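Keeping their order, the protein sequence lines are chains E and L. In terms of my numbering, the first sequence opens at residue 1 and continues consecutively. In terms of my numbering, the second sequence opens at residue 63 and continues consecutively.
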Amino acid sequence: MRTGPYAVFCALVAIAFLALEARGLNLLPESHHVSVPSSVRGAPGGYRTYRSWGGGGFRGGK
Amino acid sequence: MTTGVSSACPQCGAPLRFGGAASLAAVCAYCRFASLRTGARLEAAGKVPDLVATDTRLSIGTAGKVDGRTFTLLGRLQLSQGEAVWNEWYASFGDATWGWVAEAQGRLFVTFPKPTAPGLPPLGALQPGVEVRLPGLGRATVDEVNEARLVSFEGELPVRPDVGERWRYADCSTESGGFATLDYGSGGDAVLYAGREVSYAEAGLADCAPLAVPAAAARALRCPNCGGPIELRRPDTKAFACPSCGGLLDVSQGNFRVLGILESRSKPPIPLGAQGTLLGETVQVLGFLVRSITVDGERFAWRELLLHGAGGYRWLSVYNGHWLFLRPLPAGKVELPRLTGGAAYYQHRGFKHFQGGLARYDEIQGEFYWEIRAGETVMTNDYVAPPWLLSSETTPTETSWSLGQSVTGADLWKAFKLPGAPPPKVGVGQAEQNPFGARLAPAWKLAGAALTALLLLAGLFAARAPRQEVLALDVPLAAGDVTLSEPFDVSGGPQALEITAEAAVEQAWVGLDVALIEEETGETEVVAFELSSFSGVEDGERWSEGSRHGSAVIGSVLDGRYVLRVEPQVERGQGLVPRTARVRVVRGVFLTTPLVLALLLVAAWPLLLVLRFVAFEKRRWQDSDHPWSSS
């Protein structure tokens, strides 16, 4: 059997793993991204009143 | 009349030689009258019938050597068990002992008389396939129990032959190549002849073995039924099926006799008479058979070709484009299935039972060394250890084994220089090599090394991960009450940050929207946590659900100054919600998802090979007596 291509594949996987760990890249994102406008950042209490966070979408518990 | 070892024939006066110390009879080479020696006297014993043509490579005067002992062939008996004739050569050894060299179907068996052997089994206890213990040989398997008839003889003999005399015998073989004949005469006590199978080369008879298929040796004849030309390529042919008219001829008596007309003639996949070199053996196609077994009303038919070469008779079998090259095997070399729970063993290799049944000769073409008849049946059983196959065929008098090896149609077409391409394969052959089997071991070896390397690297990363807490925040749990942290620095990135939240809720639910805001750019990652704890008793069983702890990982967080914004939602109900939840931010955490993904990717190829290996085996066994789906 020709294991050469598979060996190369394994090496590439290992390299990719190292790169992902080194950069702390989470492949299964648990957060969503939001860009807060500068007007909000510059306004006093802007973070408190800003409502466009995307939200957790909670619908309550029990 | 005798002068030591030289005498004169009482019939014609020609010189008659008694060269063997044990010689009791001799046939005059000139008049073919037999003379019996009694002391110093010779008495005529009548004319001996002509010898029957056989495939012998030996002759009187041939010298050989077995286990360092030289011998000379002085005479032979020709015996028949009804279907085929074979030769038993009288071998006189230099040390004044003697033995028999049996020559049948291109194989040699050297045996020596053991007149005092004790504890021999009675004839009634023997049947083909039965195991017996024989003095000097140990465990042996009965190959054949039959009756022999003396057809003719020539030269000197250590017995007083009587043409037409019959005696019962049993042939046995052992795993180590031992061979024995138990001679029961007309049904009395046994006399043991023990020895072993030897090749022509081992017996110093290599010069007697044809190095290639005899060329242009066929006898050109005409079919008595249709007048069509027929060719007999072997001298020991007993039956011939005319390819022109389908007439099955008995050719054992010189004059051809039509035994019947066969119907539905298929075309042999390799032409009769074709020669080729296959697996190191040069062979010629002699006969063609269509055979079948019927299982649950369904007929399974396959085709077989009888071959002959320097090693004797061979077979090619084909079913659905899957070919097997089969060589005969002594029964003693196979551990019998009934002792090994459905498996057979040959040379310590296990063969699984594949299929058994009553196989019928449906169609016959060409020549055969036994008196074959259309419609005859034999019990067959096949055992597989790809690319090998063991096949047994059992009749009431004989059990014969063959060792088959899977060969490709392409190899056959090349070996026999056939035009075109072989018929395509359908499904999986019973002894077809699983193409994924040979790839599994190196794939798993490499995968094992790669998985180990990945785990070591992961361990190294996990050990070196700083896991430094950069923020710990108590968040008041009041609906609509947004908490903002003091700005905090994250450095050493890009890196993964873990945000955890914890609250000792009881029969209540709390939601937290947590935003990690980079102050300078406003780039924000938002995660949500649900913290809850509910429990109760329902139908007498206690239940609980929810978690007071939550965590999320944010990947590739760049260096910078951040603020954490936490907005709670609370459903208190009858439950207990603490005043605050604890939220922490930890930098430099080890990520498990890249590791899991890498392990899966590395293992995927060998796992795929395993799946394909299993699927191949499942297809192989679906037509067997033991399909996987029902086991």
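All C-beta atoms, glycine included, are put in the ideal place defined by N, C-alpha and C. Remember, it's a predicted structure, so these values are computed and weren't measured experimentally.
Check                                                                                                                                                                                                 : Outcome
Is any beta-carbon of chain E found at less than 8 angstroms from that of Arg-627/L?                                                                                                                  : yes
For the stretch 500-532 of chain L, which residues have a CB atom closer than 7 angstroms to at least one CB atom of chain E, in sequence order?                                                      : Ala-500, Arg-501, Pro-504, Ala-505, Leu-508, Ala-512, Ala-515, Leu-516, Leu-519 and Phe-523
Rounding to the nearest angstrom, what Cα-Cα distance links Tyr-408/L and Ala-447/L in this structure?                                                                                                : 10 angstroms
Classify Ala-278/L as buried or exposed, calling it buried when 16 or more other Cβ atoms lie within 10 Å of its own Cβ.                                                                              : Here Ala-278/L scores only 42 on pLDDT, less than 50, and its place in the model should not be relied on; the value that follows carries that caveat. With fewer than 16 Cβ atoms within 10 Å of its Cβ, Ala-278/L is classed as exposed.
Could you tell me which of Thr-339/L, Leu-267/L, Val-488/L and Ser-613/L sits nearest to His-370/L, measuring between CA atoms?                                                                       : Thr-339/L
Pull up the distance between the alpha-carbon of Trp-160/L and that of Thr-132/L, whole angstroms please.                                                                                             : 11 angstroms
If we count the other Cβ atoms within 10 Å of its Cβ and call it buried at 16 or more, is Leu-670/L buried or exposed?                                                                                : exposed
Would you list, in chain order, the members of the stretch 650-665 of chain L that have their beta-carbon closer than 7 angstroms to a beta-carbon of chain E?                                        : Leu-653, Thr-655, Pro-656, Leu-657, Leu-659, Ala-660, Leu-663 and Val-664
Verify the CB distance criterion: does Gly-617/L have a CB-CB separation below 8 angstroms to chain E?                                                                                                : yes
Near Ala-274/L, what residues of its chain come up, given a Cβ to Cβ distance below 6 angstroms and the 5 sequence neighbours on each side ignored?                                                   : Residue placement at Ala-274/L is poorly supported in this model, since its pLDDT is 41, which falls under 50; the coordinates still yield a value, given next. Around Ala-274/L: Thr-344.
Which residues mark the beginning and the end of the beta strand (DSSP E) in which Val-625/L is found?                                                                                                : 622-633
Quick one: does Ser-31/E have its CB under 8 angstroms from some CB of chain L?                                                                                                                       : yes
Starting from the beta carbon of Gly-584/L, find every residue of chain E whose beta carbon is closer than 7 angstroms, and list them in chain order.                                                 : Ser-35, Val-36, Pro-37, Ser-38 and Arg-41
With distances taken from CA atoms, which of Ala-115/L, Gly-617/L, Ala-590/L and Lys-109/L is nearest Leu-294/L?                                                                                      : Ala-115/L
Flag Gly-54/E as yes if its beta-carbon sits less than 8 angstroms from any beta-carbon of chain L, otherwise no.                                                                                     : yes
I need the straight-line Cα distance from Val-313/L to Leu-141/L, nearest angstrom please.                                                                                                            : 17 angstroms
Ignoring anything shorter than 4 residues or poking outside the stretch 338-418 of chain L, list the alpha helix (DSSP H) runs there in chain order.                                                  : none
Chain L beta carbons: is any one of them nearer than 8 angstroms to that of Val-13/E?                                                                                                                 : yes
Grab me the residues of Phe-652/L's own chain with a C-beta within less than 7 angstroms of its C-beta, minus the 5 sequence neighbours each way, in chain order.                                     : Phe-523, Ala-524 and Ala-527
Do you know whose CA, among Arg-529/L, Gln-495/L and Leu-310/L, lies nearest Arg-682/L's CA?                                                                                                          : Gln-495/L
What does a CB cutoff of less than 7 angstroms around Leu-182/L pick up in its chain, not counting 5 residues either side in sequence?                                                                : Leu-244, Ala-252 and Leu-254
Identify, in the order they occur along the chain, each residue of the same chain with its Cβ nearer than 8 angstroms to the Cβ of Gly-81/L, setting aside the five sequence neighbours on each side. : Val-67, Thr-134, Leu-136, Ser-154 and Glu-218
The beta strand (DSSP E) that contains Arg-201/L, what's its start and end?                                                                                                                           : 200-219
In chain E, what lies closer than 9 angstroms to Ile-579/L by C-beta?                                                                                                                                 : Val-34, Val-36, Arg-41 and Tyr-47
How far does the beta strand (DSSP E) with Ala-152/L in it reach, from first residue to last?                                                                                                         : It is worth fixing the name first, because residue 152/L is Tyr in this sequence and not Ala. Looking at the DSSP string, the run of the beta strand (DSSP E) that includes Tyr-152/L is 147-155.
Please state whether DSSP places Val-261/L in a helix, a strand or coil.                                                                                                                              : As written in the sequence, residue 261/L is Ser, which differs from the Val given in the question. Note: Ser-261/L maps to coil in three-state DSSP.
At the level of alpha carbons, what is the spacing between Pro-276/L and Ser-464/L?                                                                                                                   : Legend: pLDDT at Pro-276/L = 46, less than 50; position of this residue unreliable, value from coordinates given subsequently. Cα to Cα, the separation comes out at about 24 angstroms.
Using 8 angstroms as the limit for Cβ to Cβ distance, is Ala-541/L near chain E?                                                                                                                      : no
By DSSP, does Thr-545/L sit in helix, in strand, or in coil?                                                                                                                                          : strand
Run through DSSP, which three-state label would Ile-122/L get?                                                                                                                                        : coil
DSSP state of Glu-679/L, grouped into three classes?                                                                                                                                                  : helix
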